[in-house]
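Quick note on numbering: the sequence shown equals residues -12 to 232 in the working numbering. Virtual Cβ for every residue (Gly too), placed ideally from N, Cα, C. Step one of this worksheet: look at the structure below.
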Amino acid sequence: MKQFEKKIWLSSPTMHGDEQKWVNDAFEKNWITTAGENVNETEILVAEKIGCKYAVALSSGTGALHLAIKLAGEKLYGQAKPNCGTLQGHKVFCSDMTFDATVNPVVYEGGVPVFIDTEYDTWNMDPMALEKAFEIYPEVKVVVVAHLYGTPGKVEEIRSICDKHGAVIVEDAAESLGASYKGRQTGTFGDVSAISFNGNKIITGSSGGMLLTDSKEDAEKVRKWSTQSRENAPWYQHEELGYNY
C-alpha cells in the first residue's frame, strides 16, 4: 500500500467564545460533577435537534453504544446470568468498516460479531450483503449500523430488511451528529442510537456521548445502569450490574 500524498483530517476542536463562559458557569455554580443544569439542558437541546424524545448524557460514545447494545440484548434474550452478557453466544451483524468502538460493546455483552460488507456509495453497510447474511444466519436479531465519517448509510433499506427479519437496529451515529438522510436526522433510525462528543467529533466536550431513544422506559433504564444501578432506596441497594458511565 502506498501512503496518500494528501489527507483529509478528522474534525479538530475550535472555540467560538461561549465555551469558556459555560465552563466558568459550572465552576461558579459548583457543578463540577457528572450532573447539573448544563448537562440537563444539553440533553434537551440534542433531543430537539435530532428529533427524538430522550437523550441520556453519558461519559463516552462507547458507553452509549454499550448500554444501547445491552438494552437490545436484554429485551431480546432477558436479563443476563452472572458473568455473562445479554448477548452471550448470539451472533450480531456489524458494519465491517468502522472504528473498533462500534464492535467492542458487542463483545462486552458476549456477542459474536459477524461483519457485513461495505458498499461503494457511502462506505457503509451494504443492504444487499445484509440480506444475504440473513439468509445464512436467519437467527440474528441485532444489527449494529455505523455512519462512517458522518456520511449516513442507506438506512431506509437497512431498516426495511431488519423489519422483515424481526431484527432491531443499534445505530452508531457517533460521527454523524447533524447529518440527515432524506430529510431525517441520523440518530433516529435505530431502535436505540448513540452519538459521541469525543475530541474529533462535530461537537466536542473533549469526551462524552449520549444514548438516544423515544422510550421513556429505556431512557430511565439506561440512566440507572449508568449510575451503578442503584435502586430507589434510602440505602445502597443494587439488584443488577451497573456502570460508572
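Task: Collapsed DSSP secondary structure at residue 82 in the structure displayed - done: Start at 1 with the first residue of the sequence shown, and residue 82 comes out as number 95. DSSP places residue 82 in strand when its eight states are reduced to three.
Open item on the list: Can you find the residues in the same chain that come closer than 7 Å, C-beta to C-beta, to residue 205, ignoring five residues on each side of it along the sequence?
Closed with: Locating residue 205 in the sequence shown gives position 218, where the first residue counts as 1. Excluding positions up to five away in sequence, the list reads 58, 179.
Task: Span of the beta strand (DSSP E) around residue 100 - done: Taking the sequence shown and counting its residues from 1, the one referred to as residue 100 is at position 113. Element bounds for residue 100: 99 to 103.
Task: residue 163, buried or exposed, once every other Cβ within 10 Å from all chains shown has been counted against 16 - done: In the sequence shown, the residue the question calls residue 163 occupies position 176. So residue 163 counts as buried.
Open item on the list: Judging by CA-CA distance, which residue of 203, 75, 193 is the nearest neighbour of residue 43?
Closed with: Taking the first residue of the sequence shown as position 1, residue 43 is located at position 56. For the residues 203, 75, 193, the minimum Cα distance to residue 43 belongs to 203.
Task: Cα-Cα separation between residue 231 and residue -8, rounded to whole angstroms - done: The count along the sequence shown starts at 1 and reaches residue 231 at position 244. The count along the sequence shown starts at 1 and reaches residue -8 at position 5. Taking the straight line from one Cα to the other gives about 43 Å.
Open item on the list: Cutting at 6 Å between CB atoms, please list the residues of its own chain near residue 195, excluding the five before and the five after it.
Closed with: Reading the sequence shown from its first residue, position 208 is the one you call residue 195. So the qualifying residues of the chain are 184.
Open item on the list: I want to know whether the region 74 to 91 touches the region 127 to 134 - three or more CB-CB distances under 8 Å.
Closed with: At 8 Å Cβ cutoff, the stretches touch.
Open item on the list: Pop quiz: residue 181 and residue 48 are said to be a contact at Cβ under 8 Å. What is the actual Cβ separation, rounded to whole angstroms?
Closed with: The residue given as residue 181 occupies position 194 in the sequence shown. The residue given as residue 48 occupies position 61 in the sequence shown. Contact holds; Cβ gap of about 6 Å.
Task: Every unbroken alpha helix (DSSP H) inside the region -12 to 29 [4 residues or more] - done: Runs of the alpha helix (DSSP H) lying entirely within the region -12 to 29 and spanning at least 4 residues, in chain order: 6 to 15.
- [ ] Using three-state DSSP, classify residue 35 as helix, strand or coil.
- [x] As a position in the sequence shown, residue 35 is number 48, starting the count at 1. Three-state result, residue 35: helix.
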